[in-house]
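Those sequence lines, one after another, are chains A and B. In this text, residue positions in the first sequence follow this note's numbering: the first is 4, and each later residue adds one. In this text, residue positions in the second sequence follow this note's numbering: the first is 4, and each later residue adds one. Beta carbons are placed, not taken as given, at the ideal position from N, Cα and C, and that holds for glycine. As the structure is a computational prediction, the values presented were derived from the model and not from experiment.
Number of protein chains: 2
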Amino acid sequence: MSIMLKFDPIPSEETEPSDLGPVSSKEKEKVPTPTLERLTTYLRCVIDLGASGMETVSSAQIEEHTGISAAQFRKDLSYFGEFGKPGVGYNVPDLESRIARILRIHQMQPIILIGAGNLGSALLRYPGLEEHRFHIVASFDTAPNKIGKRLQDMDIVDFSRLREINSALKARMAILAVPALAAQGAADSAIESGVRAILNFAPTLLRVPSHVIVRNVSFVQELAVLSYHLAQSDSEDYS
Amino acid sequence: MSIMLKFDPIPSEETEPSDLGPVSSKEKEKVPTPTLERLTTYLRCVIDLGASGMETVSSAQIEEHTGISAAQFRKDLSYFGEFGKPGVGYNVPDLESRIARILRIHQMQPIILIGAGNLGSALLRYPGLEEHRFHIVASFDTAPNKIGKRLQDMDIVDFSRLREINSALKARMAILAVPALAAQGAADSAIESGVRAILNFAPTLLRVPSHVIVRNVSFVQELAVLSYHLAQSDSEDYS
DNA sequence: TAGATTGTTAATCGATTAACAATC
DNA sequence: TAGATTGTTAATCGATTAACAATC
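As structure tokens, this is what we get:
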């Protein structure tokens with residue numbers, strides 16, 4: 004008799020909701036990455052509209068300002084609930100704060116910077132980060148001629164002290180702006196110090212535990228895609 | 004009797020090849036953007052393998068080094084012809100030169116830089132660009148305290164001279180590293196001077212003629228996506 | 001020849017677009 | 001109420017994955 008079986012002999016596909024308590028009754032639908040990427044664009048847009056005094060915005064106006072279609076915008080938001088009023092549109096300040104909250108940039112996010120070379124110091128001085136509440140709280144390098152120097156209003160710290168320092172700072176995001184050969188080692192140390200999300204500028208595959216997220220940025224890749232299309236449109240000129 | 008029918012009476016979907024002359028008999032299949040983006044990763048990989056003396060590589064080994072699946076690699080290459088030998092693999096130097104040629108980075112690509120601030124000067128000093136034969140041939144800015152200063156081995160030139168200068172240089176790619184409010188104007192001037200591909204670092208929608216290609220880079224976007232996933236994995240910890 | 005690995009086709013998966021009932 | 005605009009469903013489109021015949 005199956006009544007004896009405390010556990011289902013045929014494992015069900017769906018895991019039982021279990022007792023998550025009152026949290027999120029809505030079954031978590033996975034949000035597509037392109038949707039997440041567009042969220043920053045919407046946020047930027049509503050911040051600007053808000054600054055210009057606009058109180059309400061329609062999806063059609065969002066399309067006009069961002070180049071992303073109204074349908075796409077509505078679909079993207081739908082992953083996170085209801086935001087607007089039919090016939091009216093979206094409240095600008097409300098939309099801003101809700102998107103910021105989804106991305107967890109409604110409050111300051113501490114980030115550590117590894118690699119204080121050209122790119123690293125440019126990022127440190129880039130005002131866009133602070134505007135979006137990303138705050139670089141420490142920067143590390145291995146070069147003796149850099150260690151101890153001040154950059155913005157921070158000392159550049161010896162990379163070997165990363166773990167010690169981040170045990171106090173508890174930053175969970177790191178920007179990796181080091182040469183390719185140093186990237187894996189830098190990532191390993193960062194992860195050991197508690198980092199769980201890495202923005203990697205080195206053209207290298209980082210091997211990380213499954214609980215760590217990596218995103219790669221490559222200028223060369225961007226230029227190469229442009230270069231390809233440029234050549235394509237040249238050859239079309241002959242047709 | 005079907006023997007009479009020289010042509011299928013039901014018109015076929017495919018358009019007739021028409022007389023494109025001897026150029027590209029293979030009908031141009033549109034290459035997906037993700038494929039183009041991965042091409043740089045493959046190139047980087049085969050350059051490294053070549054430097055380490057490897058002569059032949061299989062798609063399985065590419066997967067091992069890049070994290071991109073062997074099937075994906077083969078599918079990606081298939082848009083551009085046949086590259087390997089069944090049972091053997093791909094010749095490393097050959098693969099390198101063919102990918103470089105597809106991306107048109109087998110020969111030097113002149114680029115102009117607009118905006119010689121933190122980010123702009125970091126890009127100018129970034130060795131990866133030259134390694135991939137992207138060569139910044141001029142840099143422009145509007146700030147009087149920057150104009151005339153030397154950066155790498157180049158003078159920073161007054162932005163108002165962009166058109167004049169690029170009529171000689173004939174660069175068709177531009178990197179835009181200016182504040183958001185200056186971006187559209189900078190793009191307009193660049194396009195007027197002959198630029199047809201723009202790498203835009205400003206968080207702004209650029210409005211450009213249809214023959215001009217734009218790619219946008221946003222650090223904030225990348226960090227925001229990381230931030231979202233970080234928050235997600237936190238909430239999973241409670242389950 | 002036997003084993004390995006390609007290039008390609010078909011099946012799957014996922015994202016975008018279009019359309020519209022619900023509702024302000 | 002009539003007009004506008006949302007949120008969502010269904011249809012379309014496109015990219016990835018899996019499988020395998022071809023071939024070295």
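Which of helix, strand or coil DSSP assigns to residue i
i	result
residue 45(B)	helix
residue 110(B)	coil
residue 59(B)	strand
residue 146(A)	coil
residue 13(B)	Reliability fails at residue 13(B), whose pLDDT of 33 lies under 50, so the model's placement of it is uncertain and the value that follows must be treated cautiously. It is coil, neither helix nor strand.
residue 153(B)	strand
residue 71(B)	coil
Buried versus exposed call for residue i [16 or more other C-beta atoms within 10 Å across all chains shown]
i	result
residue 112(A)	buried
residue 93(B)	buried
residue 224(B)	buried
residue 144(A)	buried
residue 158(A)	exposed
residue 79(A)	buried
residue 123(A)	buried
residue 206(B)	buried
residue 60(A)	buried
residue 72(B)	exposed
residue 229(B)	buried
residue 171(B)	exposed
residue 43(B)	buried
residue 177(B)	buried
residue 27(B)	Confidence at residue 27(B) is low in this model, with a pLDDT of 38, below 50, so its placement is unreliable and no value can be given for it.
For residue j and residue i, the rounded distance between their alpha carbons
i	j	result
residue 132(B)	residue 107(B)	14 Å
residue 118(A)	residue 142(A)	7 Å
residue 104(B)	residue 47(B)	14 Å
residue 41(B)	residue 54(B)	20 Å
residue 126(A)	residue 138(A)	11 Å
residue 231(B)	residue 114(B)	35 Å
residue 198(A)	residue 110(A)	18 Å
residue 237(A)	residue 169(B)	19 Å
residue 134(A)	residue 195(B)	32 Å
residue 65(A)	residue 183(B)	18 Å
residue 219(B)	residue 165(A)	32 Å
residue 208(A)	residue 201(A)	12 Å
residue 226(A)	residue 160(B)	23 Å
residue 204(A)	residue 173(B)	30 Å
residue 193(A)	residue 70(B)	21 Å
residue 49(B)	residue 56(B)	10 Å
residue 239(B)	residue 216(A)	15 Å
residue 76(A)	residue 85(B)	40 Å
residue 87(A)	residue 58(A)	12 Å
residue 68(B)	residue 155(A)	37 Å
residue 90(B)	residue 221(B)	42 Å
residue 130(B)	residue 63(B)	30 Å
residue 83(B)	residue 120(A)	38 Å
residue 74(B)	residue 33(B)	19 Å
residue 39(B)	residue 180(A)	24 Å
residue 95(A)	residue 234(A)	42 Å
residue 163(B)	residue 175(B)	18 Å
residue 128(A)	residue 81(B)	43 Å
residue 52(A)	residue 45(A)	10 Å
Stretch pair the region 212-231 of chain B + the region 145-156 of chain B: three plus CB contacts closer than 8 Å: The region 212-231 of chain B is not in contact with the region 145-156 of chain B.
Touch test, the region 81-100 of chain B against the region 183-193 of chain A, Cβ-Cβ under 8 Å, three pairs minimum: Contact fails: fewer than three Cβ-Cβ distances are below 8 Å.
Every unbroken alpha helix (DSSP H) inside the region 174-241 of chain B [4 residues or more]: Qualifying alpha helix (DSSP H) stretches, in chain order: 183-195, 222-239.
Runs of beta strand (DSSP E) wholly within the region 74-131 of chain A (minimum 3 residues, chain order): Qualifying beta strand (DSSP E) stretches, in chain order: 92-94, 112-117.
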